[in-house]
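Only one structure is covered here, and it is reproduced in the block below.
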Amino acid sequence: MEHLFKLHKDRNARVFVSSTFRDMMDEREHLVKDVFPSLREKLSAKGVSFAEVDLRWGISEQDALDGKVVEICLDEIDQSRPYFIGIIGDRYGWVPADSEHDIFNRLKQRFPWAIDDIKEGLSITEMEIQYGVIRNPDMHGRSFFYIKANHEDQADSSPDAEKLRLLKKKLIESKGINTREYNDINHLGQMVYDDLGRLLENDFPEEADEKPLARINRDQNAFLNNRLRNYVLQEDVFEAFSEKVALSFNPVLLSGQEGLGKTSLMANWIDKLHRENPRRPILYRFPGASVELQQPQALVRNLCSEIIQYFDFQFEIPKDTSALYALFHKLLESIDPQKELIVVIDGLDDLSLGQNEAPFQWLPDSLAPNVKIVVSLNNGPLCEVFRLKGYDFFEIQNLRIEGIRDFVTRYLAFFGKTVDKEMMDLILGSALSSNPMMLKSMLEEVRMYGSFESLKEFSSRYALCTDCPSFFNTLLDRLQDDVDSKIKGLTAVLLSLIRLSKNGLSESELLSLGAAWYKQGYKIPHLFWSPVLASCSLFFNRRNGYISIANKDLINVIDSRFLDDENARLYYHQIMAAWFSLQPLEKRSMDELPFHLEGSGNWEGLYQYLSLPAVFKYLFINHLFSLADLWNKLSSRYSFADTYLLWLDEFESGLFEPAEKGAYLALAGNLAFFAGLKSDAAKVLEPALEIMKSAKGLAHPDTISVTKLLAGIWQDLSEPEKSLALLQAIQEKIEAEDPENPELIGIQSMQADVFQFLGQYDKAAE
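The sequence shown begins at 298 in this note's numbering and counts up one residue at a time.
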């Protein structure tokens, strides 16, 4: 059996597109509007998010010749590895004149090697190619260059012509670098589609139709990978935590203030354990990464499913919450003492706590020696629950002064920078410097955006922030100054769209949605989005190419700045509902669209959408709790039973195979029962049962399952006679055909309950 807890590759591809500005407009337009959308659609069907990064598309030439743009380009090359394509025509590209070198002061501070390239008169395009591919052998087989067929009458007659000739020669003769010659934009487009498509097909092979467990595992792993990138390592803390868990005989609670890196510590610890022993079973869950796991019942059901499948247990998962929690405890106790299991659940704060439910009762108080449980929680009153349960505590503390000083020195040294005593004292005196994530973000802002002349003034803006919200407000002030100078209001729109998405947005989706806000038929240039991504990436989750906001303080600041009234939220939900409604009926749109139809108050649209059999089946299998919640909200406006009984007409039309008819109605009945709509459940399950009897027979396992569910519902609805009639009929059939069938015990037990309900105690005792 496949090891369920192995680490999976993030299914996300970004390709950097390099070209000169003036002579490549038609090529860029064709790729961005025709070729890349086709690739995106092809990859989307395989669960791969694809985004092209062309920082010269959709911008003016003046923007393209900005020193800051070059800096962003080099950053984006790193973010897009290992995918790079270059298009080379008849121009060498912009070579900065001596008088322009001062615009590259900050670039030279961040990328010291660029000084020599600029002095040697390299064009910005060649700098990208050198940095992205030629000087990086690992990229040679994973990049593609397309050279325009040379026509002498179009050749560049400037002094740069020789440099262009040498660059082409170097690419053609370099071992392992893929070069092609193209005649026109259609020829170019076909080659890019074929080459890039073949590479990505190989990197992201077709996955079997994903079951919910596999999909959740993939999403969870993508979240973990993101946290590996964003970790501010404190070696002493990491080692102390590892030792605490290893030596503890009790479950362990990792606690601390928000923002101190609990999630990243957990992710890196899991990664360390996996690298030490790839076959060690580690069942980890980050509820913040999967909306469907934020209900305790859904989380425990998922954990039980994983454990049953991995250890090949023969247990049925009950619908009743108390029985479900009891099963989780029993499963942990049933693991062979010669085998081990580590269960990690991060961010218990992300779980919804039921009003009539004791918090965390589903977590065991004690464990067998071969089982470990590690959970995390922000400091607060809920920690007391775990003290009473007897958990061992490990609390992350703020960074100490020497730790801050050491981190600042090492972090800036990595980029070839130092700070003087005055600057260091400014940082050490900041109220936020003891928080690793905020300190790293502060240093990133200073490193990337503070000019040498105004460095102290720029730094003090962040260092004087008294708390996380004030820091994020300062950050967004700076972003709005930079980004909104291109398109007014763009920062608010991009962050609001991400904030109000259900499962995050891909970069391509985000830029298309931004265009729906700004101008129909327009696409927001990637260049205008890159600064937002660079400044906020520490506080984003990036899961399989979908970006969401991880930091609660940043969410609150976005809410207060941009979404402080219901009309604003309604507006963005309407934009996303309209956009996703135009997308193909596939997993991605079915994940997002119901959420935005609800958020925009479009109850009729939501009702019609949930009535579609394909949508219903997908949501039932993958988002059962969310679907039940939506129907609870719709049930005061629409009849559940009437909605899904309309399927009977569609069955008659031949839209469904006979075997599917009863199955679909049975799913609907199960949902109604799960949502507490028992009368509706009975109305739907009655025809479902008749169809299944006819198609599969009375003794078929599926028919038995529906019969038992309907019988239980009739008893709950105080119709015991109907319940008894169903149970007796199916018992007679099974006894006649398969007297050893284990289902008989359950059916007889249900009949005893009904007789007891009727007061017929003598029959109940038989």
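Cβ coordinates follow ideal geometry from the N, Cα and C atoms, glycine included.
GLY553 is bridged by DSSP to ASN675. Per DSSP, VAL640 is not a residue of any alpha helix (DSSP H); the beta strand (DSSP E) it occupies stretches across 638-642. Straight-line measurement puts the Cα of ASP977 at about 16 Å from the Cα of PHE913.
Residue pairing by DSSP puts VAL314 in a beta bridge opposite ILE382. With distances taken between CA atoms, GLY811 lies nearest to VAL790 out of GLU555, PRO881, PRO656 and VAL790. Assignment of TYR708 by DSSP, reduced to helix, strand and coil, places it in the helix class. When only Cα atoms are considered, TRP928 and GLY959 end up about 21 Å apart. Counting every other CB atom within 10 Å of its CB across the protein chains shown gives LEU931 a total of 16 or more, marking it as buried.
SER335 is bridged by DSSP to nothing; it lacks a bridge partner. Scanning the stretch 963-1003 for uninterrupted alpha helix (DSSP H) segments of 4 residues or longer gives 975-993, listed from N- to C-terminal end. Rounded to the nearest whole angstrom, the C-alpha separation of LEU510 and HIS920 is 12 Å. For TYR443, the number of other beta carbons within 10 angstroms of its own is at least 16, and it is reported as buried. Taking C-beta atoms as the reference points, LEU867 and SER878 fail to come closer than 8 Å. Within 10 angstroms of the beta-carbon of ALA446 lie fewer than 16 other beta-carbons, which makes it exposed. When the alpha-carbon of LEU986 is set against those of ALA665, ARG707, ILE1001 and LYS975, the nearest one is in ILE1001. Check the Cα spacing between GLY585 and each of ALA411, LEU773, ALA519 and SER834: the tightest is with ALA519. Straight-line measurement puts the Cα of GLY902 at about 20 Å from the Cα of ALA865. Counting C-beta pairs closer than 8 Å gives three or more between the stretch 375-392 and the stretch 456-466, which meets the contact rule. Counting along the chain, the unbroken alpha helix (DSSP H) around PHE538 starts and ends at 532-544. Around LEU696, the same chain offers GLN531, PHE704, SER730, SER731, ASN732, PRO733 and LEU736 as residues with beta carbons nearer than 8 Å, after the five sequence neighbours per side are excluded.
The three-state secondary structure of SER803, taken from DSSP, is strand. In this structure, DSSP gives PHE657 a state outside helix and strand, which the three-state scheme calls coil. THR763: not part of any beta strand (DSSP E); DSSP gives it neither H nor E.
The DSSP-derived three-state label of ALA348 is strand. Of the residues HIS327, GLN1053 and ARG337, the one whose Cα lies closest to the Cα of GLN880 is ARG337.
For TYR443, the enclosing beta strand (DSSP E) starts and ends at 440-445. In this structure the stretch 613-622 touches the stretch 596-603; the number of beta carbon pairs closer than 8 Å is three or more. Taking 8 Å as the cut-off, the Cβ atoms of SER420 and ASN475 do not count as close.
Annotated three-state conformation of THR560 is helix, per DSSP. Here LYS330 is exposed, its C-beta having fewer than 16 other C-beta atoms within 10 Å. Judged by their CB atoms, ALA710 and ASP372 are not nearer to each other than the 8 Å cut-off. The continuous beta strand (DSSP E) containing SER845 extends over residues 843-846.
A straight-line Cα-Cα distance of about 9 Å links ALA564 and ASP643. Of the candidates SER561, ASN667, LEU525 and TYR428, the residue whose Cα lies closest to the Cα of LEU544 is ASN667. Distance from the Cα of ALA655 is smallest, within the candidate group ARG707, GLN635 and PRO593, for PRO593. For the set MET424, ALA1049 and PRO766, the Cα lying nearest the Cα of PRO393 is the one of MET424.
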